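Shown next, in structure tokens, is the structure this report addresses.
Protein chains: 2
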Amino acid sequence: MRQIHSTITADGELILAVAEVPEPEVGAGEIKLRIEAAPINPSDIGLLTGAADVSQMVAIDGGIRAPVPAAGMRAMAARVGHAMPCGNEGAGTVVAAGEGAEHLIGRRVAIIGGATYADYRVVKAAEALLLPEGATAEQGASCFVNPLTALGFVETMRHEGHNAIIHTAAASNLGQMLVKICAADGVPLVNIVRSAEQVALLEAIGATHVIDSSAPDFMKKLIAACTETGATLAFDAIGGGGLAGQILTAMEAAINARAGGYSRYGSEVLKQVYIYGGLDMAPTTFNRGFGMAWAMGGWLLFPRMKIFGNAKFAELKQRVANELTTTFASHYSHRVSLAQMVSPEAVAGWQARRTGQKYLVVPD
Amino acid sequence: MRQIHSTITADGELILAVAEVPEPEVGAGEIKLRIEAAPINPSDIGLLTGAADVSQMVAIDGGIRAPVPAAGMRAMAARVGHAMPCGNEGAGTVVAAGEGAEHLIGRRVAIIGGATYADYRVVKAAEALLLPEGATAEQGASCFVNPLTALGFVETMRHEGHNAIIHTAAASNLGQMLVKICAADGVPLVNIVRSAEQVALLEAIGATHVIDSSAPDFMKKLIAACTETGATLAFDAIGGGGLAGQILTAMEAAINARAGGYSRYGSEVLKQVYIYGGLDMAPTTFNRGFGMAWAMGGWLLFPRMKIFGNAKFAELKQRVANELTTTFASHYSHRVSLAQMVSPEAVAGWQARRTGQKYLVVPD
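Right, here's the structure in full:
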């Protein structure tokens, strides 16, 4: 069968191509899916292209190769020479099952766990999400990463004692899910987007606070939205540049405007930005003009779910299944085969991480 | 009496000068000190000069004035037009006392709480630290900020489950105290300094790991020190530039070298850098090449002490009193009167925040 492999060689080259590998066998309690749809999420791209300079890529038989700058090789050390299968999640039909899982044969399920850019994948039956009867593979392909991340943001807010959320790159599939979740749950949400078109898109699905970071009055509107919502928690998909710091600055300005008076160390209210993505791979940079009660850090889905506990995780997964075609509907701009996804044209497309441009891999 | 005032005017100017104010009166439970010595700590400088461009200062009667760039005025909004007394801490002799505090008259005490660059200060007797008999004002002047901050670092390490500490600008008075505390308490400490002279200074007082960030092999040595100590917690006095991010990168490299294998999201071990100072006021900037389990944030002494609790706070204060002339000895390069401290020459000196150049204000 075919499987997409990403390999970084010791002499500093990325090889991303279709490979032929043996079909996996099912064991007891396991199921074998024929993968029918798998999204390319931003969180897949780090493994797919690593630290390679994709602007220098050239086509090879069955894929592409591209140089890895010397400065990028340190972070790659542990994967040098290893062919890494790619694809975090996907959906497909069960074609074989081990002992105890036979009832799933013929059913459509969604999975997470890697190596989904392939013809087949074997997983534990208990870890798969059984899709509702009639759901298509495309509807089920993005069941885990975006829906659970969006739900995880709201759980993090509750867990850490905040009362509102700021979200960047908010016109993404994930951002649209978050708009719907927050509307349903009564959570004030400030959406930061990068164009007037994206403002219109989010307002059309009911978002209340939508702010265009490319507009000249961005900071003024952001401070006003922080004042209105009391937001002290943000989730940033962009990572690079100054936006995370601007958010902390706006939160602090809103807090100080409410509090009145001058404190030399700034407010005592903790302002938190979690960076959960890297749409902009440039350095993160900020002026520390927001007092001393601030924190910035990484946010990753599964370690968070461990904190929330198994019961909460199961509850969130059930919500995803229940609202699969409403709250958690995903939109794709491109559908590519395994061979097409590693063509130079497609790599340039998905690597650009443009909001509104989302690739779905359809192996067959 | 005289008191140093810092004022930012609405038209964007800093006035830093000696002012004449009425002498404060003592109430019940209060004491009045004649201030005999007060240090200029880096944490005082933000209030003293605000966002002013001190390179443009000019002398005025009793002090200096300097322009505040327009970009800096937003953060100053709450203090515009207010004359701010300065000086976080100091020591002096009790010259008057209210009901219940009469026994302290004639004794020398250390205090914290602001307005110590002055001839006199009234505080609650219960909040003062009674210095040992025979202690000089200079010995007692820096009893709170540096000693409790250094002790607070070690308490934070214990509280948050780390086992070693990295410290920057480590040749400072505070850094030298931390070397002695960690040696006494058996805490592995990695000291980052900025010159070969500072390496020699810290090694002379018994520091084990001292790394010069100006040397070409800095990152290699930092990774080696992280590997040896297992440090996943750092306290950074510098703030600006890339050092905080380099520390996270070194921690992650050490963790991955120990763990072996590649994880696309980096290690799951939380790596924490607290920025507690701003010796470099330039923007903080970092590449996010250290996985997703990282955090950066502000660290402030008194909110931390609230977390540790009153009993711990009292215990730490007692340790400071007990080890005043050993662990917690401070060194000053300049002694200035109230009038001298706001002369252009002295302002240029203390504003530069150079390690090893420390000013002590001696009002009389």
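So the protein lines, in turn, are chains D and E.
For the first sequence, the working numbering gives the first residue as 1, with consecutive numbering after it.
For the second sequence, the working numbering gives the first residue as 1001, with consecutive numbering after it.
Note that the Cβ used here is the ideal one computed from N, Cα and C, for glycine as well.
Since we're looking at a predicted model, the values are computed, not measured.
Touching by the beta-carbon criterion (3+ pairs, under 8 Å), the segment 134-145 of chain D and the segment 93-111 of chain D: yes
CB contact check: leucine 300 of chain D to chain E, cutoff 9 Å: yes
In chain order, each beta strand (DSSP E) run of at least 3 residues that lies wholly inside the segment 25-99 of chain D: 30-40, 58-60, 63-67 and 89-97
Backbone secondary structure at histidine 331 of chain D - three-state DSSP: coil
Distance between serine 1006 of chain E and alanine 1066 of chain E (C-alpha atoms, nearest Å): Pairing alanine 1066 of chain E with serine 1006 of chain E, the inter-Cα distance amounts to about 11 Å.
Proximity to proline 1022 of chain E [Cα-Cα], best of E/Met1001, E/Ile1015, E/Ala1282 and E/Ile1307: E/Met1001
Opposing strand residues paired with histidine 5 of chain D [DSSP bridges]: D/Ala17 and D/Pro85
Contacts of methionine 391 of chain D in chain E (Cβ-Cβ under 9 Å): This structure cannot speak to residue 391 of chain D, because chain D is shown only from 1 to 364.
Tyrosine 1265 of chain E versus glycine 1291 of chain E - alpha carbon distance: 5 Å
Residue-level contact to chain E via CB, proline 216 of chain D, 9 Å cutoff: Taking Cβ atoms only, chain E never reaches closer than 9 Å to proline 216 of chain D, which makes this a no.
Proximity winner among E/Thr1285, E/Leu1104, E/Ile1192 and E/Arg1158, relative to threonine 1355 of chain E (alpha-carbon distances): E/Ile1192
Chain D contact for glutamate 1099 of chain E (CB, 9 Å cutoff): no
Minimum Cβ-Cβ distance from isoleucine 1111 of chain E to chain D less than 9 Å: no
Straight-line Cα distance separating alanine 1017 of chain E from methionine 1177 of chain E: 32 Å
Completely contained beta strand (DSSP E) runs for the segment 169-200 of chain D, where each covers 3 or more residues: As far as the segment 169-200 of chain D is concerned, its whole beta strand (DSSP E) runs of at least 3 residues are 189-193.
is_contact[isoleucine 40 of chain D, chain E] using C-beta, thresh 9 Å: no
DSSP state of lysine 1358 of chain E mapped onto helix, strand, coil: coil
Beta-bridge partners of glutamine 1272 of chain E, as assigned by DSSP: E/Leu1233 and E/Ala1295
Range covered by the alpha helix (DSSP H) that runs through threonine 1285 of chain E: In the DSSP annotation of this structure, threonine 1285 of chain E is not part of any alpha helix (DSSP H); the continuous beta strand (DSSP E) holding it starts and ends at 1280-1286.
Reference threonine 156 of chain D, options D/Glu30, D/Leu316 and D/Ile223, closest by Cα: D/Leu316
9 Å Cβ cutoff, phenylalanine 1423 of chain E in contact with chain D: Past the edges of chain E, shown from 1001 to 1364, lies residue 1423 of chain E, and the structure says nothing about it.
Proximity winner among D/Ser43, D/Arg74 and D/Phe218, relative to asparagine 1256 of chain E (alpha-carbon distances): D/Arg74
Helix, strand or coil at valine 320 of chain D [DSSP, three-state]: helix
Three-state secondary structure (DSSP) of glycine 1289 of chain E: coil
Glutamate 1252 of chain E burial status per 10 Å Cβ neighbour count (16 or more: buried): Here glutamate 1252 of chain E is buried, its C-beta having at least 16 other C-beta atoms within 10 Å.
9 Å Cβ cutoff, tryptophan 350 of chain D in contact with chain E: no
Alanine 1348 of chain E, enclosing alpha helix (DSSP H) - first and last residue: According to the DSSP assignment, alanine 1348 of chain E belongs to the alpha helix (DSSP H) that extends over 1344-1351.
Length of the line joining the Cα atoms of arginine 1288 of chain E and glycine 1245 of chain E: 8 Å
Residues, ordered as in the chain, of the segment 1222-1244 of chain E that lie near chain D by beta-carbon distance below 7 Å: Gly1239
Buried/exposed call for serine 1055 of chain E, threshold 16 Cβ in 10 Å: exposed
DSSP state of glycine 244 of chain D mapped onto helix, strand, coil: Just to set this straight, residue 244 of chain D is alanine in the shown sequence, not glycine. Alanine 244 of chain D falls in the helix class under three-state DSSP.
Span of the beta strand (DSSP E) around histidine 209 of chain D: 209-212
Alanine 1135 of chain E - partner residues in DSSP beta bridges: According to DSSP, which records beta bridges pairwise, alanine 1135 of chain E is partnered with nothing at all.
Own chain, CB closer than 8 Å to glycine 1100 of chain E, minus 5 neighbours either side, in chain order: Ala1028, Gly1029 and Ala1125
Per-residue contacts from methionine 1292 of chain E into chain D (C-beta, under 9 Å): Ile275, Tyr276, Gly297, Gly298, Trp299, Leu300 and Pro303
Alpha carbon of glutamate 1197 of chain E to alpha carbon of leucine 1243 of chain E, nearest angstrom: Each residue's CA atom was taken as its position, placing glutamate 1197 of chain E and leucine 1243 of chain E some 20 Å apart.
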